[in-house]
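Sequential numbering from 316 applies to the sequence shown in this note's numbering.
Glycine included, C-beta positions come from ideal geometry on N, C-alpha and C.
Fair warning: this is a prediction, and the values are worked out from it, not measured in the lab.
One structure below.
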Amino acid sequence: MSGTSAIQWDEYGYRLFATEEASCDRILAFSFGKCCLNRGVSGKTYVRQVMYGDDRLLMVQAEDTDELKLLHLKLPVSYISQNWPVQHVAASEDGKYLAVAGLHGLILYDVRFKKWRVFGDVSQEQQIHCKGLLWLGKIVVICNFIEASET
């Protein structure tokens, strides 16, 4: 690659597209992940380190040895196909739970049991437009946007 003639981020900041200076026929795409906040409102550092992409989570797991493991968590297709891309991720202070919000709705992940919890009612899920997400102890706090109605 001799240089770039143009670069552009995608709408959600997960990919950077570039065209080569010598040839505009080829577009390169670079994928990026975002870091989940690892400090709570009290300033205490959380147990889990989590990065996320547009459709998955990457969780760093400390082992008893000096080795670190990177766990890839794919989001349930039933959720991400309707609510792509991931917008917010928050880990509980004890590292046992993750909360994930896409364009709509919210899902929870239990790290110990490796199980996702999703809404049973899709119409309720679609009413959630998460603008912020955090854990207070065992409670998930969602900053939800509700469009004004005329009624």
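{"Asked": "Beta-carbon proximity list for Ala337, same chain, < 6 Å, skipping 5 on both sides", "Found": "Ser317"}
{"Asked": "Length of the line joining the Cα atoms of Asp340 and Asn459", "Found": "43 Å"}
{"Asked": "Per DSSP, the bridge partner or partners of Ile322", "Found": "Ala333"}
{"Asked": "C-beta contact flag for His419 and His403 at 8 Å", "Found": "no"}
{"Asked": "For Tyr329, the nearest candidate out of Thr319, Ser320 and Cys350 (CA to CA)", "Found": "Cys350"}
{"Asked": "Residue range of the unbroken alpha helix (DSSP H) whose run includes Ser393", "Found": "Val392 to Asn398"}
{"Asked": "Nearest-angstrom Cα separation, counted from Glu462 out to Phe434", "Found": "21 Å"}
{"Asked": "Distance cut-off 7 Å: Asp370 Cβ against heavy atoms of the ligand ADP", "Found": "For the ligand ADP, the structure offers nothing, since it holds no ligand at all."}
{"Asked": "Alpha helix (DSSP H) runs wholly inside the segment 382-466, at least 4 long, in chain order", "Found": "392-398 and 437-441"}
{"Asked": "Pairwise C-alpha distance: Glu335 and Val365", "Found": "33 Å"}
{"Asked": "Where Trp450 falls, given that 16 or more other Cβ within 10 Å makes a residue buried", "Found": "buried"}
{"Asked": "Residues bridged to Arg371 (per DSSP)", "Found": "Lys389"}
{"Asked": "Local conformation of Ser338 per DSSP, three classes", "Found": "coil"}
{"Asked": "Ser407 versus Asn398 - alpha carbon distance", "Found": "22 Å"}
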